[in-house]
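Residue numbers (our numbering): 376 to 893.
Quick reminder that beta carbons are idealized off the backbone N, C-alpha and C, glycines included.
Read through the structure below, which is laid out as structure tokens, and then see the notes.
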Amino acid sequence: MKEYDLIIIGGGITGLSTAIAWLKTHPKENNRVLIVEQHSIVGGCVTTFAREGYRFDTAQIIPDISELLDFFGIETVLKKFDDYYARIYIADPVKKNATIFSVPSLKARFIKYLKQLSPDDSRNIDQFFKFLEEMHHELHYLKTEPNFLNILNILIHCPKIIRLRKKTYDQFLRRFNFKNKILYEVLDLFSSFSGLSAERCSALLTASALNTTLEGSYRPVNGFIQFPQIMRKKIESMGGEIRTQAMVKKIIIENNTATAIELSDGTRYHARYIVTTADTKVSLLRLVGIENLKAADKHYAQKADRVAMSPSSFFIHLGIDEALDLKKLGFDCGYNVLTTGGDTFEKMYRAFDKDELLLSDSLFHCGVVCPSLKTGGKPVISIHVVPASVNGWIDLRERDREQYHKKKQNIADHYIRLVEQYMIPGLQQNIRFIDINTPATFARFLNSPTGSNFDMMPVPSNFGMYRLKMRTPIKNLFLPKFSNGIWPSMQAGIQVVDMITGGAIMSGNSRYSVQKKS
Ligand SMILES: Cc1cc2nc3c(=O)[nH]c(=O)nc-3n(C[C@H](O)[C@H](O)[C@H](O)COP(=O)(O)OP(=O)(O)OC[C@H]3O[C@@H](n4cnc5c(N)ncnc54)[C@H](O)[C@@H]3O)c2cc1C
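Structure (structure tokens):
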């Protein structure tokens, strides 16, 4: 049986980040690292694919992550959305038109914009941003595994984080008593980034996402696949191994210690440490096994069993005729939300709770991106519809291909029609190619029975101090899964290596920063 110092299950951004962080901290010894990835390419959720000359990305935008890119040695050209980075279309289904709000890059411009929208809320807006800034500063006191003194420090220095820890983003926004409800609509954009309605999403997560995107957002030229491709080369140049097309079936536990992994062909690899970045429930309930987990820690096992996973989605990718002038329609920005506003997103979640998908002309919410305008290539548009339940989709795809295709086409047609109605006149007649990802696609691609796009659902009870601990109760087994985003996944890779090495990279801080506080 081959022996490694570190085995990482999954070659997504978290796994790749973990490998580089480990190899950087172990340049001379203990540097036998293996990543095991089920697919033929690495990247997981972060991928770019080409069909009939059109190039599509799964990811759309990232904030300024230059510190992390430097840490991982990723040299790539990023293009910034300079003017405005996101737009919100609030649709009026009666009048059949939409009001557009364009969110400008740079904090000062955003504040000015909000004040122009609602001059009467000027003071509330200032208080809101003051709170965010102070909260952002408090993040530097957080430790991945705080000891007694750290907790005291956090209690003294992080009042805002403590206040928000159990709050949803909606509860957080309401603290500021904005008089003009338009401000709620605009600020709700950031819950769309979290993939969860404001009524459910952790205030800490969404406020942090807001803070990190304020200065603007970016896309890598040549697609997001650049990140995993460069990271893979880096790992191999540092002596790490990557085994693709290898599915981990089991994590071997002996005396409450993770000692090896077993692949579906029966091959076993031994390691001192195992880091799993597969879907959280799959990792803990299938690869480790609930009985092993219960034997180690009953409470952790219960939490793993009950943890809510994020929903799945539909992703409708369209190749568009060059004749359609998307730039003129203002699509050269990172993200657009088309919504009927108010509590629409929450209503979609209530339907999701019942395994239903709302297909309504009077209630809708989706994301629309047109990355080709920023980073080149033939024109493409992607429509992202969250939340969607996986139930019924896997079975239908296996049982009745024709029905499966009809059903997904029906959903795509509905959203294409809405996008045409409110955002892009003439869209339908200019579509030259269509590719539809369903929850079954995500379930298969991400090896997630729930087809979860963002791993654990970032509700307050799943987030921050309440999140399933990265150090699992199984000795030498770690689970650095963050709910949502490339930036947090890179952070998680550094955090887990910092944790295993007793603080070799950032002295136990939970956030990598060049000006780190110890
Ligand atoms: C549609 C979509 C759009 C997104 N858009 C953005 C965006 O615009 N900006 C942003 O910052 N973030 C975005 N995200 C989120 C971001 O991509 C993810 O949070 C992040 O990439 C997760 O990385 P990960 O490595 O933790 O997980 P994953 O990417 O899921 O990687 C896990 C890897 O493990 C492999 N694996 C699973 N089980 C096994 C097994 N048993 N054996 C071997 N291999 C296994 C999988 O194949 C996969 O490669 C988006 C996510 C999705 C799904």
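Looking at the DSSP output, L638 shares a beta bridge with V623. Bounds of any beta strand (DSSP E) do not take in L802, whose DSSP letter is neither H nor E. The bridge partners DSSP lists for L852 are I649. Distance from the CA atom of M684 to the CA atom of K556, rounded to whole angstroms, is 31 Å.
A straight-line Cα-Cα distance of about 34 Å links G694 and R575. Within the segment 756-844, complete alpha helix (DSSP H) segments of at least 4 residues are found at 768-774, 776-797, 814-821, given in chain order. Of the candidates M832, I875, R661, I861, the residue whose Cα lies closest to the Cα of K850 is I875. Each of Y559, H780, F829, V794 was checked against the Cα of A763, and the nearest Cα belongs to F829.
Pairing P686 with K403, the inter-Cα distance amounts to about 43 Å. The segment 618-634 makes no contact with the segment 593-601; the number of CB pairs closer than 8 Å stays below 3. In this structure, S415 sits near T619, with a CB-CB distance shorter than 7 Å.
In summary, K656 is buried, with 16 or more beta-carbon neighbours lying within 10 Å of its beta-carbon over all protein chains present.
For the pair I769 and A818, the Cα-to-Cα distance works out to about 8 Å. Around H511, the same chain offers N586 as residues with beta carbons nearer than 6 Å, after the five sequence neighbours per side are excluded. Between L589 and K482, the beta carbon gap of about 4 Å places them in contact (Cβ cut-off 8 Å). Counted as a single uninterrupted DSSP element, the stretch harbouring T543 is not any alpha helix (DSSP H), since DSSP gives it neither H nor E. Contact annotation: N711 and R484 have beta-carbon atoms that are not nearer than 7 Å. DSSP places T714 inside the beta strand (DSSP E), whose first and last residues are 710-714. Bridge partners of A671 according to DSSP: none are assigned. At a cut-off of 6 Å, the beta-carbon of I388 counts as near ligand 1: some heavy atom of the ligand is closer than that.
By the C-beta density criterion, A698 is exposed, having fewer than 16 other C-beta atoms within 10 angstroms. Relative to ligand 1, C741 has its C-beta separated by 6 Å or more from all heavy atoms. Y464 sits close to M798, with the two beta carbons spaced by under 7 Å. Beta bridge pairing from DSSP links N884 with K518. Taking the Cβ of N597 as the reference point, every heavy atom of ligand 1 lies at 6 Å or farther away. Excluding sequence positions up to five before and after K609, its CB lies within less than 8 Å of the CB of I395, F447, G448, I449, all in the same chain and listed in chain order.
Assignment of P494 by DSSP, reduced to helix, strand and coil, places it in the helix class. Per DSSP, reduced to three states, the secondary structure at V469 is coil, with no helix or strand assignment. Cβ-Cβ distances below 8 Å link M840 to R540 in the same chain, with the five nearest sequence neighbours on each side left out; the list follows chain order. In the three-state scheme derived from DSSP, where H, G and I count as helix and E and B as strand, M684 is classed as strand.
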